[in-house]
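What follows is a short report on a single structure.
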Amino acid sequence: MPEDNPLHRRQFFRRGLGELLKPIVNALEPIERTINHFEKLQHPPQRAPKSIPLRLWLRPPGALPEDEYAQTCRRCGDCVTACPADAIRLDPTGQNGGGVPYINADTTACVACDGLYCMPACPTGALVPTPLTHIKMGTAVWREHLCARSLGQPCTICIEICPLGEAAIRLADDAVQVQPLTCIGCGLCQQHCPVDPKAITVIPVAARTS
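Note that my numbering has the sequence shown beginning at 323, numbered continuously upward.
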């Protein structure tokens with residue numbers, strides 16, 4: 323028996339109690355592991371939702387940077403009405419174009435009309451009047467493996483239809499070459515490309531800056 327000291331007695335009984343309880347603790351450990359296992363089966367960890375890629379839309383000529391454009395535009399539709407090619411669209415549901423004017427180059431591209439009427443028609447400044455050669459809606463990208471020329475067809479539609487001509491796109495060494503500094507991204511080449519999927523498409527300027 324340890325010395326008659328309260329501290330020593332407590333230590334003695336604590337060790338004794340620990341030895342007595344050890345078999346019980348050892349028996350409970352497998353049960354606890356089993357319970358934890360079933361809890362994990364019943365409540366699997368929640369997976370993080372997959373991120374949905376944001377679609378970047380082709381905007382009309384002279385559009386402000388994407389966020390500023392969306393905040394400045396009041397969705398009045400004046401640019402839609404002013405466009406002689408009916409290229410500018412506005413979806414009031416917001417499902418297309420994020421609820422602000424956009425262009426679908428697959429079906430109806432910007433024709434870079436002589437008057438560039440959409441820009442001066444904008445009452446809020448969301449479209450800034452810009453000279454044709456300084457417009458930057460996007461940049462066309464040519465994919466050789468999809469092009470009709472890779473099948474031996476002498477197609478040059480994308481070059482012929484371009485409103486800036488060889489200043490923006492040309493044929494060199496039997497390959498289509500887009501001039502990224504001068505291409506305005508109007509989308510006419512994309513619209514008139516005869517193959518599916520398109521061999522030339524416009525990457526919106528927002529994709530370059532986001």
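Using N, Cα and C, we set each Cβ at its ideal position, and we do this for glycine too.
Exposure of residue i, with buried meaning 16 or more beta-carbon neighbours within 10 Å
i: ASP496; result: exposed
i: LEU510; result: buried
i: PRO476; result: exposed
i: ASP518; result: exposed
i: PRO375; result: Any reading at PRO375 needs caution, since the residue's pLDDT is 43, under 50, leaving its predicted position unreliable; the model's value is listed next. When all chains shown are included, PRO375 counts as exposed.
i: PRO371; result: In this predicted model, PRO371 has a pLDDT of only 42, less than 50, meaning its place in the structure is not dependable enough to derive any value.
8 Å Cβ cutoff met for residue i and residue j
i: MET459; j: PRO526; result: yes
i: CYS435; j: ALA407; result: yes
i: LEU468; j: THR478; result: no
i: THR430; j: CYS395; result: no
i: TRP533; j: VAL500; result: Residue 533 lies beyond the stretch modelled for the chain, which goes from 323 to 532, so this question has no answer here.
i: GLY399; j: THR452; result: no
i: CYS401; j: PRO423; result: yes
i: TYR439; j: ALA404; result: yes
i: ALA489; j: THR504; result: yes
i: ASP428; j: GLN512; result: yes
i: PRO502; j: ALA470; result: no
For residue j and residue i, believed in contact at Cβ under 8 Å, the rounded distance
i: VAL498; j: ILE506; result: Not quite, the Cβ-Cβ distance comes to about 17 Å (not below 8 Å), so this is no contact.
i: ILE425; j: CYS480; result: In fact, because the Cβ distance is near 17 Å, the residues do not count as touching under 8 Å.
i: HIS456; j: ILE483; result: Actually they do not touch by this definition, with Cβ atoms about 21 Å apart.
i: TRP537; j: GLY419; result: Since the first and last residues shown for the chain are 323 and 532, residue 537 lies out of range.
i: LEU454; j: PRO382; result: Actually they are not in contact, since the Cβ atoms of LEU454 and PRO382 sit about 13 Å apart, beyond 8 Å.
Host alpha helix (DSSP H) of residue i (start-end)
i: VAL402; result: 400-404
i: ALA443; result: 440-443
i: ILE479; result: 479-483
i: LEU510; result: 510-514
First through last residue of the beta strand (DSSP E) which encompasses residue i
i: THR276; result: With the chain represented from 323 up to 532, any question about residue 276 goes unanswered, as that position is not in the structure.
i: GLN501; result: It is not in any beta strand (DSSP E) - GLN501 carries neither H nor E in the DSSP assignment.
i: THR415; result: That residue, THR415, is in no beta strand (DSSP E); it is neither H nor E in DSSP.
i: PRO526; result: 522-526
i: LEU493; result: 491-494
i: ALA462; result: 460-464
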